[in-house]
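>
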Amino acid sequence: MIDKNQTCGTGQDSMPSMTCLIHVLEEWFGVEHLEDYWNFANYLLWVFTPLILLILPYFTIFLLYLTIIFLHIYKRKNVLKEAYSHNLWDGARKTVATLWDGHAAVWHGYEVHGMEKIPEEGPALIIFYHGAIPIDFYYFMAKIFIHKGRTCRVVADHFVFKIPGFSLLLDVFCAIHGPREKCVEILRSGHLLAISPGGVREALISDETYNIVWGNRKGFAQVAIDAKVPIIPMFTQNIREGFRSLGGTRLFRWLYEKFRYPFAPMYGGFPVKLRTYLGDPIPYDPKITAEELAEKGTSGNVWRHFYCHHG
Numbered sequence: 001m002i003d004k005n006q007t008c009g010t011g012q013d014s015m016p017s018m019t020c021l022i023h024v025l026e027e028w029f030g031v032e033h034l035e036d037y038w039n040f041a042n043y044l045l046w047v048f049t050p051l052i053l054l055i056l057p058y059f060t061i062f063l064l065y066l067t068i069i070f071l072h073i074y075k076r077k078n079v080l081k082e083a084y085s086h087n088l089w090d091g092a093r094k095t096v097a098t099l100w101d102g103h104a105a106v107w108h109g110y111e112v113h114g115m116e117k118i119p120e121e122g123p124a125l126i127i128f129y130h131g132a133i134p135i136d137f138y139y140f141m142a143k144i145f146i147h148k149g150r151t152c153r154v155v156a157d158h159f160v161f162k163i164p165g166f167s168l169l170l171d172v173f174c175a176i177h178g179p180r181e182k183c184v185e186i187l188r189s190g191h192l193l194a195i196s197p198g199g200v201r202e203a204l205i206s207d208e209t210y211n212i213v214w215g216n217r218k219g220f221a222q223v224a225i226d227a228k229v230p231i232i233p234m235f236t237q238n239i240r241e242g243f244r245s246l247g248g249t250r251l252f253r254w255l256y257e258k259f260r261y262p263f264a265p266m267y268g269g270f271p272v273k274l275r276t277y278l279g280d281p282i283p284y285d286p287k288i289t290a291e292e293l294a295e296k297g298t299s300g301n302v303w304r305h306f307y308c309h310h311g
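Counting in full-length UniProt numbering, the sequence shown runs from 1 upward without gaps.
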């Protein structure tokens, strides 16, 4: 009678390759019934996969809180220097940017195409598509700080400023909640500013078709006109494949419109390839109206182009 190892060694097809491999491993490690352990491990993976997919998006929030803890430690360590230096937080920003850039490279192979379109100095308004979790924008801010040495201000939803512990993080990374006059002031001061016209509503309602949920929002266009700055459109390929939201259901849409808080659960955290594309700047034109500029930004937007050609 030919034993299992002899059958594997002769390369006969009488035994499937996986079964053969299991028998070889059993022989090497002196373990019996390894196939049963393998099947049990597969069963556990099948059972817990839905739970893992629900937990992974909140791992991003965990990383944000780790960042906040680091900033608090950094602040305590440098409390005496704060009175003498206007650039106290540059070291912290550099450290945090490096850590997030490393996470982006390892988990998503993150790339930015068109970084040269971000000016080395001077203002610009960046408009971007809002994913279920805007982790692509966190990565993008890290890239800008590392490669351009610039901080990109961003307009965040009001509810973000109510999250416990987030105030220091928002202050250090220059997040604001408006109003329009503040946005114009920032741009006139020569800074970069990012706005997602769709905001949280787009994060919840949009889906894998990347439909734009702007409604009648034209405030970003008026900001660009008042500040006389170019608009740079931004889109990240696969951001909806990385994270998904259940906010499109009637219940969660009603809850958001009622309380202005994103109650909808998210799932995902898939290690998909993320590529951020920056479109050609839309230059300031004194003859154009806010409605026309908003329409121009929508009809020729970079996310539609790259979704159709690279999605």
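Every residue, glycine too, gets a C-beta built ideally from N, C-alpha and C. Since this is a predicted model, take the numbers as computed values, not measurements.
1. Which residue comes first and which comes last in the beta strand (DSSP E) that contains residue 350?
2. Compute the Euclidean distance between the alpha carbons of residue 121 and residue 190, then round it to the nearest angstrom.
3. Count the C-beta pairs between the stretch 125 to 133 and the stretch 222 to 238 that are closer than 8 Å, then say yes if the count reaches three, no if not.
4. Whole angstroms are fine: how far does the CA of residue 155 sit from the CA of residue 217?
5. Please classify residue 243: does DSSP put it in a helix, a strand, or coil?
6. Look at the alpha carbon of residue 141 and the alpha carbon of residue 98, and state the distance between them as a whole number of angstroms.
7. Applying the criterion that 16 or more other CB atoms from any shown protein chain within 10 Å of the CB defines a buried residue, is residue 167 buried or exposed?
8. Candidates 77, 65, 113, 58: which alpha carbon is nearest residue 276's?
9. Between residue 71 and residue 92, which are expected to be in contact by the criterion C-beta below 8 Å, what is the C-beta distance as a whole number of angstroms?
10. Using the beta-carbon count (16 or more within 10 Å), is residue 139 buried or exposed?
11. Is residue 272 near residue 103, with beta carbons less than 8 Å apart?
12. Here's a check: name, in chain order, each residue in its chain whose Cβ is nearer than 8 Å to the Cβ of residue 149, leaving out the five neighbours to either side.
13. Is the beta carbon of residue 165 less than 8 Å from the beta carbon of residue 261?
14. Helix or strand or just coil, what does DSSP make of residue 274?
According to the structure data:
1. The question about residue 350 has no answer, for the chain in this structure spans 1 to 311.
2. 7 Å
3. yes
4. 14 Å
5. strand
6. 11 Å
7. exposed
8. 113
9. 6 Å
10. buried
11. no
12. none
13. no
14. coil
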